[in-house]
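Enquirer: Line order of the protein sequences matches chains F and R.
Just so you know, we're using the numbering used here here: the first sequence kicks off at 1382 and counts up by one.
Just so you know, we're using the numbering used here here: the second sequence kicks off at 1387 and counts up by one.
Once you've had a glance at the structure underneath, I'll fire off some questions.
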Amino acid sequence: MTASRILNRIGLWFAVVMIVSPGILFFVWMLSLSLKHEIDNAAYPPILIPEQFAWSNYTAVLESNRFGTYFLNSILVTGSATLLGLLVGVPAGYGMARMKATKSAVVVLIARMTPGLSYLIPLFLLFQWLGLMGTLLPQIIIHLVITVPIIIWIMIGYFETTPLELEEAATIDGADRWQVFRHVALPIARPGITVALILSVIFSWNNFVFGIVLAGRETRTLPVAVYNMISFEQLSWGPLAAGALLVTLPVLLLTILAQRQIVAGLTAGAVKGG
Amino acid sequence: MTSLALEKSERAAARPARGRRHTRSYWPFVLPALVVVGSVIVFPWAFTIWMSLHEWQIGGGSSFVGLANFARLGTDLRFHEALVHTIYFTSLAVVLPVVLGLFSAIVFHQNFKGRGFLRGLFVMPMMATPVAIALVWAMMFHPQLGVLNYLLSLVGIPPQLWVFHPSTVIPSLVLVETWQWTPLVMLIVLGGLAAIPTEPYESALIDGATGWQMFWHITLPLVMPFVMVAAIIRSIDAIKSFDIIYAITQGGPGTASETINLYLYSVAFAYYDIGYGSAIALVFFLMVVGLAVLLLWLKKRSQWTEMGAGA
Chain F
1382 MTASRILNRI
1392 GLWFAVVMIV
1402 SPGILFFVWM
1412 LSLSLKHEID
1422 NAAYPPILIP
1432 EQFAWSNYTA
1442 VLESNRFGTY
1452 FLNSILVTGS
1462 ATLLGLLVGV
1472 PAGYGMARMK
1482 ATKSAVVVLI
1492 ARMTPGLSYL
1502 IPLFLLFQWL
1512 GLMGTLLPQI
1522 IIHLVITVPI
1532 IIWIMIGYFE
1542 TTPLELEEAA
1552 TIDGADRWQV
1562 FRHVALPIAR
1572 PGITVALILS
1582 VIFSWNNFVF
1592 GIVLAGRETR
1602 TLPVAVYNMI
1612 SFEQLSWGPL
1622 AAGALLVTLP
1632 VLLLTILAQR
1642 QIVAGLTAGA
1652 VKGG
Chain R
1387 MTSLALEKSE
1397 RAAARPARGR
1407 RHTRSYWPFV
1417 LPALVVVGSV
1427 IVFPWAFTIW
1437 MSLHEWQIGG
1447 GSSFVGLANF
1457 ARLGTDLRFH
1467 EALVHTIYFT
1477 SLAVVLPVVL
1487 GLFSAIVFHQ
1497 NFKGRGFLRG
1507 LFVMPMMATP
1517 VAIALVWAMM
1527 FHPQLGVLNY
1537 LLSLVGIPPQ
1547 LWVFHPSTVI
1557 PSLVLVETWQ
1567 WTPLVMLIVL
1577 GGLAAIPTEP
1587 YESALIDGAT
1597 GWQMFWHITL
1607 PLVMPFVMVA
1617 AIIRSIDAIK
1627 SFDIIYAITQ
1637 GGPGTASETI
1647 NLYLYSVAFA
1657 YYDIGYGSAI
1667 ALVFFLMVVG
1677 LAVLLLWLKK
1687 RSQWTEMGAG
1697 A
């Protein structure tokens, strides 16, 4: 009995290690690549931990390539698209849940199924015609395609589970619909809003395809900027890996810090941007 | 003053008929979102349909050509090739993550130390910026300097060309996609496992069922609807996959890994053939919807037969 239980435990831990290691080893290797000089990155057999760390890979990325500008662009695009998304998406989720108009959420589903490129062609022409290219505005607007559906979807699900009694009591006390929403529904929904905010930020931050079409030299976001590093620096893996790690680091930190909310949001809405 | 009083009396009068009023008065909450959705989602669709009926080059003029762009799809060999690549890539990129995700969910459903933390690490690949991880995968795929061929040599497998050979490029890209999206399947199925009641297991134990029998006859049927949901979501994402393929191979070598989405990108933003690109976008969208509907139908049918078998 105990012997078989020990065997079961060993089997379980073996399975756990098998499942988790590809993810962990990848990021360990990414870190290793980013901390090695070119000689070490070209060594065979490969070196995991170099004798000398190449911190210069990071300083090179941070100092050159207008990293600051691109970082600011990413913050502005993701921040504005998420804030605007929350501004229209949270009330919409509330209204749709209260009207029991969840069938209209099909629009959200269709948006989820639409390839990102099919928004790009018409909006690209529109932005050109309006003379907006060269500013961050086109990217902020098109990122709404990512953030608004995610937020509406999660908020409908959340408002459907919040109790109606408090809202009804407030209505009887003479509060109008706006006051009920603002002072009763919204505070209760804060955890749901947090989930929507986090997922919206992550998927907007990660977006690449909108940037490669709409961004000019000055308006690139970080994913586009790091992709463009390939053509500039032929096969210098160290700085490229360092750049890649810096781009995705905020998202990875957020994933670890807000793990519970992310898991809740993904299983409830099963959303993905783009 | 008067308006306030009016409102008050109106509210009092409306109270009995609240049910009807109820649904109408939430429109102001939804309206801003409707405007946004209308302008960034519905308008582009309408405009795309309009453009697909025109010969339209960026920088050039446009002229109405009817359904000529759609007819062109029938004779475009590169489109046919892309269609084959898409089917090949999508089926692999759905089946592998679903199978591995189901297995991972069963493992994560057990109780062990540090489960929450390890689940957090496990989820990292799907949250990480796709382009960033694609660049690192590209380095790992390098035939001479890449770490993957070194790992293969440790177990005595000859070096591979990975994404640099037409016959291995799609399986290699599927490897990245599987690595990235198995966690999503795991999370969805894990939610399903958590919802299974314990009673069937208790009675099965009394009847002397083995662990394997319980898995096959209780766990799997009960968790199947969740597996199907995961498969549907995975299909929609896999068929649209862009970032990973574009960043690692750009559809190459040659056009060996060019899926419809990548071909669409080339037509619209490399050749600036807007009319034809719009036609491809429409057909592609219909394919995604068709796939989703087909899978939803399969899901419904599988649930029905389960119920039939149970009765």
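All C-beta atoms, glycine included, are put in the ideal place defined by N, C-alpha and C.
With a Cβ-Cβ cutoff of 8 Å, do tryptophan 1565 of chain R and proline 1516 of chain R count as a contact?
Expert: Numbered from 1 along the second sequence, position 179 holds the residue referred to as residue 1565 of chain R. Numbered from 1 along the second sequence, position 130 holds the residue referred to as residue 1516 of chain R. No, Cβ-Cβ distance for tryptophan 1565 of chain R and proline 1516 of chain R is not below 8 Å.
Enquirer: Between the C-alpha atoms of leucine 1650 of chain R and valine 1594 of chain F, what's the straight-line distance to the nearest angstrom?
Expert: For the purposes of this step, residue 1650 of chain R is taken as residue 264 along the second sequence, with counting starting at 1. For the purposes of this step, residue 1594 of chain F is taken as residue 213 along the first sequence, with counting starting at 1. So the alpha carbons of these two residues sit roughly 13 Å apart.
Enquirer: Quick check on the DSSP output: what are the complete alpha helix (DSSP H) runs of length 4 or more inside the region 1482-1548 of chain R, in order along the chain?
Expert: For the region 1482-1548 of chain R, whole alpha helix (DSSP H) runs of length 4 or above, ordered along the chain, are 1501-1513, 1516-1527, 1533-1540.
Enquirer: According to a CB-to-CB cut-off of less than 9 Å, which residues of the region 1544-1557 of chain R neighbour chain F?
Expert: From the region 1544-1557 of chain R, no residue has a Cβ closer than 9 Å to chain F.
Enquirer: At the level of alpha carbons, what is the spacing between glutamate 1396 of chain R and serine 1411 of chain R?
Expert: The residue you call residue 1396 of chain R lines up with position 10 of the second sequence. The residue you call residue 1411 of chain R lines up with position 25 of the second sequence. Bear in mind that a pLDDT of 41 at glutamate 1396 of chain R, under 50, signals an unreliable position, so the model cannot answer this.
Enquirer: Just checking, does the region 1464-1480 of chain R make contact with the region 1643-1661 of chain R on the three C-beta pairs under 8 Å criterion?
Expert: Judged by Cβ distances under 8 Å, the region 1464-1480 of chain R makes contact with the region 1643-1661 of chain R, as three or more pairs qualify.
Enquirer: Is DSSP giving tryptophan 1442 of chain R helix, strand or coil here?
Expert: For the purposes of this step, residue 1442 of chain R is taken as the residue at position 56 of the second sequence. Note: tryptophan 1442 of chain R maps to strand in three-state DSSP.
Enquirer: Taking a cut of 9 Å between CB atoms, which residues from the region 1421-1439 of chain R lie near chain F?
Expert: Those would be Val1421, Val1422, Val1423, Ser1425, Val1426, Ile1427, Val1428, Phe1429, Pro1430, Trp1431, Ala1432, Phe1433, Thr1434, Trp1436, Met1437, in chain order.
Enquirer: Per DSSP, which residues does serine 1448 of chain R bridge with? Please list them.
Expert: Position 62 of the second sequence, counted from the first residue, corresponds to residue 1448 of chain R. In the DSSP output, where bridge partners are listed per residue, serine 1448 of chain R has R:Trp1442.
Enquirer: Compare the beta carbon distance of serine 1415 of chain F and alanine 1639 of chain F with 8 Å and say whether it is the shorter of the two.
Expert: Your numbering for residue 1415 of chain F matches position 34 in the first sequence. Your numbering for residue 1639 of chain F matches position 258 in the first sequence. Contact: no.
Enquirer: Among the residues of its own chain, which have a CB less than 6 Å from the CB of valine 1549 of chain R, if the five just before and after it don't count?
Expert: Translated into positions along the second sequence, residue 1549 of chain R becomes position 163. Taken in chain order, the residues that qualify are Phe1527, Val1555, Ser1558, Ile1634, Thr1635.
Enquirer: For the candidate residues F:Ser1413, F:Gly1470, F:Trp1510, F:Thr1450, whose alpha-carbon lies nearest to that of glutamate 1432 of chain F?
Expert: On the first sequence, residue 1432 of chain F is found 51 positions in, with the first residue counted as 1. Here the closest residue by C-alpha is F:Ser1413.
Enquirer: Expressed to the nearest angstrom, what Euclidean distance is found between the alpha-carbon atoms of serine 1490 of chain R and valine 1615 of chain R?
Expert: Locating residue 1490 of chain R in the second sequence gives position 104, counting from the first residue. Locating residue 1615 of chain R in the second sequence gives position 229, counting from the first residue. One C-alpha to the other measures close to 16 Å.
Enquirer: Are the region 1623-1638 of chain F and the region 1529-1543 of chain R touching, with three or more C-beta to C-beta distances below 8 Å?
Expert: Contact fails: fewer than three Cβ-Cβ distances are below 8 Å.
Enquirer: Looking at C-beta atoms only, is the number of pairs between the region 1490-1499 of chain F and the region 1437-1456 of chain R that lie closer than 8 Å three or more?
Expert: They do not touch, by the three-pair rule.
Enquirer: Smallest Cα separation from valine 1533 of chain R: which of F:Asn1389, F:Met1411, F:Phe1395?
Expert: Reading the second sequence from its first residue, position 147 is the one you call residue 1533 of chain R. Of the listed residues, the one whose Cα sits closest to valine 1533 of chain R is F:Met1411.
Enquirer: Glycine 1470 of chain F and valine 1529 of chain F look like a contact to me (Cβ under 8 Å); what is the Cβ gap, rounded to whole Å?
Expert: Position 89 of the first sequence holds residue 1470 of chain F. Position 148 of the first sequence holds residue 1529 of chain F. With a Cβ gap of about 5 Å, glycine 1470 of chain F and valine 1529 of chain F count as contacting.
Enquirer: Let me make sure I understand the geometry here. Which of F:Ile1428, F:Leu1457, F:Ala1396 has the alpha-carbon closest to that of histidine 1524 of chain F?
Expert: Position 143 of the first sequence, counted from the start, is the residue given in the question as residue 1524 of chain F. Minimum Cα distance to histidine 1524 of chain F is reached at F:Leu1457.
Enquirer: Do we get a CB-CB distance below 8 Å when we pair tryptophan 1536 of chain F with the residues of chain R?
Expert: Here residue 1536 of chain F refers to the residue found at position 155 when the first sequence is read from its first residue. The question names tryptophan, but residue 1536 of chain F is methionine in the sequence shown. Cβ-Cβ to chain R under 8 Å: no for methionine 1536 of chain F.
Enquirer: With 16 as the cutoff for other CB atoms within 10 Å, does lysine 1394 of chain R come out buried or exposed?
Expert: Taking the first residue of the second sequence as 1, we reach residue 1394 of chain R at position 8. Unreliable positioning characterises lysine 1394 of chain R in this predicted model, as indicated by a pLDDT of 40, which lies under 50. The coordinate reading is nonetheless provided below. Lysine 1394 of chain R should be labelled exposed.
Enquirer: Compute the Euclidean distance between the alpha carbons of alanine 1550 of chain F and tyrosine 1662 of chain R, then round it to the nearest angstrom.
Expert: Counted from its first residue, the first sequence places residue 1550 of chain F at position 169. Counted from its first residue, the second sequence places residue 1662 of chain R at position 276. Using only the alpha carbons, I get a separation of about 57 Å.
Enquirer: With a threshold of 8 Å between beta carbons, is asparagine 1455 of chain R in contact with chain F?
Expert: Here the question's residue 1455 of chain R lines up with position 69 in the second sequence. Taking Cβ atoms only, chain F never reaches closer than 8 Å to asparagine 1455 of chain R, which makes this a no.
Enquirer: On a CA-only basis, which of R:Gly1446, R:Ala1581, R:Phe1628 is nearest isoleucine 1606 of chain R? Give me that one, please.
Expert: What you label residue 1606 of chain R is simply residue 220 of the second sequence in a count that begins at 1. The question names isoleucine, yet the displayed sequence has leucine at residue 1606 of chain R. Out of R:Gly1446, R:Ala1581, R:Phe1628, R:Ala1581 has the C-alpha closest to the C-alpha of leucine 1606 of chain R.
Enquirer: Have a look at leucine 1506 of chain F and leucine 1547 of chain F and give me their C-alpha separation to the nearest angstrom.
Expert: Looking up residue 1506 of chain F in the first sequence gives position 125. Looking up residue 1547 of chain F in the first sequence gives position 166. In a straight line, the C-alpha of leucine 1506 of chain F is about 48 Å away from that of leucine 1547 of chain F.
Enquirer: When we look at the beta-carbon of isoleucine 1532 of chain F and count the other beta-carbons within 10 Å, is it buried (16 or more) or exposed?
Expert: For the purposes of this step, residue 1532 of chain F is identified with residue 151 of the first sequence, where counting begins at 1. Result: buried.
Enquirer: Is DSSP giving aspartate 1659 of chain R helix, strand or coil here?
Expert: To locate residue 1659 of chain R, count along the second sequence from 1; it is residue 273. Reduced to three states, the DSSP call for aspartate 1659 of chain R is strand.
Enquirer: According to DSSP, is leucine 1406 of chain F helix, strand or coil?
Expert: For the purposes of this step, residue 1406 of chain F is taken as the residue at position 25 of the first sequence. If DSSP states are grouped into helix, strand and coil, leucine 1406 of chain F belongs with the helices.
Enquirer: In chain F, what lies closer than 8 Å to alanine 1667 of chain R by C-beta?
Expert: In the second sequence, the residue the question calls residue 1667 of chain R occupies position 281. Correct list: Pro1496, Leu1498, Ser1499, Ile1502.
Enquirer: Interface residues of chain R around tyrosine 1539 of chain F at Cβ under 9 Å?
Expert: Taking the first sequence and counting its residues from 1, the one referred to as residue 1539 of chain F is at position 158. Result: empty, since nearest Cβ-Cβ is about 14 Å, beyond 9 Å.
Enquirer: If the cut-off is 8 Å on Cβ atoms, which residues from the region 1579-1592 of chain F count as contacting chain R, listed in chain order?
Expert: Taking 8 Å as the Cβ-Cβ cut-off against chain R, the residues of the region 1579-1592 of chain F that qualify are Ile1583, Trp1586, Asn1587, Phe1589, Val1590.
Enquirer: Candidates R:Gly1460, R:Met1525, R:Val1481: which alpha carbon is nearest isoleucine 1622 of chain R's?
Expert: Within the second sequence, numbered from 1, the residue matching residue 1622 of chain R stands at position 236. Closest option to isoleucine 1622 of chain R, Cα to Cα, is R:Val1481.
Enquirer: State buried or exposed for threonine 1584 of chain R, treating a residue as buried only when at least 16 other CB atoms are found within 10 Å of its CB.
Expert: For the purposes of this step, residue 1584 of chain R is taken as the residue at position 198 of the second sequence. Threonine 1584 of chain R is exposed by the Cβ-count criterion.
Enquirer: Can you check whether the C-beta of valine 1409 of chain F is within less than 8 Å of a C-beta belonging to chain R?
Expert: Taking the first sequence and counting its residues from 1, one reaches residue 1409 of chain F at position 28. Closer than 8 Å: no.
Enquirer: Indicate whether at least one CB of chain F lies closer than 8 Å to the CB of phenylalanine 1450 of chain R.
Expert: The count along the second sequence starts at 1 and reaches residue 1450 of chain R at position 64. It does not; no Cβ of chain F falls within 8 Å.
Enquirer: What residues from chain F crowd round serine 1664 of chain R, counting only those whose CB sits closer than 7 Å?
Expert: Along the second sequence, read from residue 1 onward, the residue named residue 1664 of chain R stands at position 278. Here the neighbours are Ile1502.
Enquirer: With a cut-off of 8 Å on the beta carbons, I'd call valine 1541 of chain R and valine 1575 of chain R a contact; round off their distance for me.
Expert: Along the second sequence, read from residue 1 onward, the residue named residue 1541 of chain R stands at position 155. Along the second sequence, read from residue 1 onward, the residue named residue 1575 of chain R stands at position 189. Wrong, their Cβ atoms sit about 30 Å apart, outside the cutoff.
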